[in-house]
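All residue numbers for the sequence shown refer to the numbering used here, where the first residue is 181 and numbers rise by one.
Glycine residues also receive a C-beta, built at the ideal position from the N, C-alpha and C atoms.
Some notes on the structure that comes next.
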Amino acid sequence: MRIIETKDYTDMSRKAANLIAAQIVTKPNCVLGLATGSSPIGTYDRLVEMYEQGDLDFSGISTVNLDEYKGLDRENDQSYYYFMHEHLFDRVNVVAERTNVPNGMEPDADKECKRYEELIASLGGVDLQLLGLGHNGHIGFNEPAEIFDKATHCVDLTESTIEANKRFFASVDDVPRQAYTMGIGTIMRAKKVLLVVSGEDKADIVAKAFFGDVTPQVPASILQMHPDVTVVADAAALSKI
Ligand code: GLP
181 MRIIETKDYT DMSRKAANLI AAQIVTKPNC VLGLATGSSP IGTYDRLVEM YEQGDLDFSG
241 ISTVNLDEYK GLDRENDQSY YYFMHEHLFD RVNVVAERTN VPNGMEPDAD KECKRYEELI
301 ASLGGVDLQL LGLGHNGHIG FNEPAEIFDK ATHCVDLTES TIEANKRFFA SVDDVPRQAY
361 TMGIGTIMRA KKVLLVVSGE DKADIVAKAF FGDVTPQVPA SILQMHPDVT VVADAAALSK
421 I
């Protein structure tokens, strides 16, 4: 695991975007695994700048997003589909048909999870997976659990995740209780993993996840076992290691 310390969120975003750009330049038809949340927004902004400056071409890439709330449709401004279009897809020359987000409106969880796993396999797997880190160590929506869930599955969100995400909704009752997420196995099969994390409020979980025991109680800790992980973290997020 490589840890790159950055000054602050802006610096983190620039360095993470550089690594993604390097992936796209070296393999123009690569498959990027993408993430939502506040952590990667600056990275997406920086990628858009590179595109606008003529330095990056997204026309050959495919994308697969980590997760989506179950029950939110694409037009809902809290859906991850909406987020990705707002922050990246509508701002660069990615081919819309090659962008993929789990379908939160598919009520049949088994069907949707199977479809998503098969889709990722049909693309040849993920070349670079971008991740954020939840306060409880979740990656995607893989919440602390007794076991590491291998494949894309439907999860019941924990109270702490519902609490953390309620700021984006009109009220806590509007926060969906379930989500579809790639599994830990899906994430671990990515050839490269790039995790971005910033802020003092993440310092405890950064220390636990990357310097503590590998346990499904801290889902991100499994990344210690991945052969090619880069964590780009600001000084505040690294302040407890
Ligand atoms: C959300 C997402 C995760 C994200 C995490 C942290 O619940 N499902 O993919 O990494 O929370 O979010 P943030 O970056 O806003 O702290």
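Touching by the beta-carbon criterion (3+ pairs, under 8 Å), the segment 229-242 and the segment 202-216: yes
Segment limits, alpha helix (DSSP H) that includes A196: Taking the first residue of the sequence shown as 1, we reach residue 196 at position 16. First-last of the alpha helix (DSSP H) with A196: 189-206.
Beta-carbon contacts of G217 that lie in its chain and below 7 Å, excluding the five residues immediately before and after: Taking the first residue of the sequence shown as 1, we reach residue 217 at position 37. Contacts found: G312.
8 Å Cβ cutoff, L299 in contact with chain D: Of the protein chains in the structure, only one exists, and it is not chain D.
Residue interval of the beta strand (DSSP E) (run including I342): Stepping through the sequence shown from its first residue, residue 342 is reached at position 162. No beta strand (DSSP E) holds I342; the alpha helix (DSSP H) holding it covers 339-345.
Rounded Cβ spacing between N280 and L299 (contact assumed at less than 8 Å): By 1-based counting over the sequence shown, the position of residue 280 is 100. By 1-based counting over the sequence shown, the position of residue 299 is 119. Indeed, because the Cβ distance is near 6 Å, the residues count as touching under 8 Å.
Inter-stretch contact at 8 Å, needing at least 3 Cβ pairs: the segment 382-394 / the segment 405-421: yes
Boundaries (first-last residue) of the alpha helix (DSSP H) holding D225: Walking along the sequence shown from the start, residue 225 turns up at place 45. Where D225 is concerned, the enclosing alpha helix (DSSP H) stretches over 221-232.
Rounded C-alpha distance that separates G213 from N198: Mapped onto the sequence shown, residue 213 falls at position 33. Mapped onto the sequence shown, residue 198 falls at position 18. Near 16 Å, if we compare the C-alpha coordinates of N198 and G213.
DSSP beta-bridge partners of Q258: Locating residue 258 in the sequence shown gives position 78, counting from the first residue. Q258 is not bridged to any residue.
Expected contact under 8 Å - CB spacing of H315 and P399 to nearest Å: Walking along the sequence shown from the start, residue 315 turns up at place 135. Walking along the sequence shown from the start, residue 399 turns up at place 219. Contact flag wrong, Cβ pair sits at about 12 Å.
Same chain only: Cβ atoms within 6 Å of A370, ignoring 5 sequence neighbours per side: One-based indexing of the sequence shown puts residue 370 at position 190. Answer for A370: G213, V306, Q309, listed in chain order.
One or two residues paired with A383 in a DSSP bridge: In the sequence shown, counting from the first residue as 1, residue 383 sits at position 203. Answer by DSSP bridge pairing: none, since A383 is not bridged.
Three-state secondary structure assigned by DSSP to G180: Any property of residue 180 remains undetermined from this structure, which presents the chain solely from 181 to 421.
Span separating the alpha-carbon of R226 from that of S193: The residue labelled residue 226 in the question sits at position 46 within the sequence shown. The residue labelled residue 193 in the question sits at position 13 within the sequence shown. Cα-Cα distance, rounded: 7 Å.
Local Cβ density within 10 Å of S302, reported as buried at 16 or more and exposed below that: The residue given as residue 302 occupies position 122 in the sequence shown. Label assigned to S302: exposed.
Cβ-based burial, D288 [other Cβ within 10 Å; buried from 16]: Within the sequence shown, residue 288 is the residue found at index 108, counting from 1. The residue in question, D288, is exposed, as its Cβ has fewer than 16 Cβ neighbours within 10 Å.
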